Amino acid sequence: MSLIQRITLVSAIAGVGFATLGFAAPANAADDAAKAPSATTATEVERYCSNIAEPAREERYRRQKKALDDLRAAIDTRMTALEKRKGEYEDWLKRRDDFVKSARQRLVDIYTNMDADAAADQLSLIDPSVAAAILMKLKSDRAGAILNEMKAEKAARLAAIIASAGDPKTSGSAS
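First residue of the sequence shown? That's 1 in the UniProt record's numbering, and the numbers climb one at a time after it.
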């Protein structure tokens with residue numbers, strides 16, 4: 001028999017012996033204590049709860065404030081990033097607009113310096129609204145010389161587009 005088995009056997013025999021001699025607590029004593037809690041226990045519980053209520057409330061408020069502060073910091077970080085990105089987009093848009101304006105002016109300069117018959121041939125091949133926009137940016141005598149070199153129907157269509165651009169009733173749909 002092993003040592004553990006011997007100790008278990010001895011403790012079992014000793015437990016039976018003590019119970020026989022009346023040293024063991026009655027089985028229903030624990031039930032009696034559980035059934036009848038004392039008035040002092042209830043009062044102590046109430047006192048404990050009232051004592052920790054305020055610190056618990058303060059701790060809850062502190063945690064909520066910390067959570068709100070963390071959210072505010074996250075929002076501020078995102079707002080800073082968005083403001084930076086907005087600045088980058090505005091810078092890009094300004095550079096793009098400057099480029100488009102420069103390109104348009106350059107295109108007008110090209111048609112200004114081109115022979116009237118060559119300019120008329122080129123403008124005949126592109127979209128009529130684009131051709132009309134280019135002609136509108138040219139000086140009137142230069143635009144007239146180019147229109148003079150075009151076929152009559154193409155020149156008439158471009159002249160109609162240019163005329164409707166000045167009309168407030170049709171300028172919204174003719175561009």
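The C-beta atom is built at its ideal place from N, Cα and C for all residues, glycine as well.
Only a predicted model underlies this, so the values are computations on that prediction, with no experimental measurement involved.
Residue from the options with nearest C-alpha to residue i
i: I126; options: R106, S140, M150; result: M150
Simplified DSSP assignment, three categories, for residue i
i: K139; result: coil
i: K151; result: coil
i: I162; result: helix
i: D76; result: helix
i: I134; result: helix
i: D98; result: helix
i: D115; result: coil
i: I146; result: helix
i: D121; result: helix
i: D127; result: coil
CB contact flag (residue i, residue j, <8 Å)
i: residue 264; j: M136; result: Limits of the chain in this structure are 1 at one end and 175 at the other, which puts residue 264 out of reach.
i: L138; j: V108; result: yes
i: P128; j: R104; result: no
i: C145; j: A116; result: The sequence as given places Ala at residue 145; Cys does not occur at that position. Yes, they are a contact pair.
Status (buried if at least 16 other CB within 10 Å, exposed otherwise) for residue i
i: A143; result: buried
i: L71; result: exposed
i: L123; result: buried
Minimum Cβ-Cβ distance from residue i to chain D less than 8 Å
i: T112; result: This model lacks chain D altogether; it includes just one protein chain.
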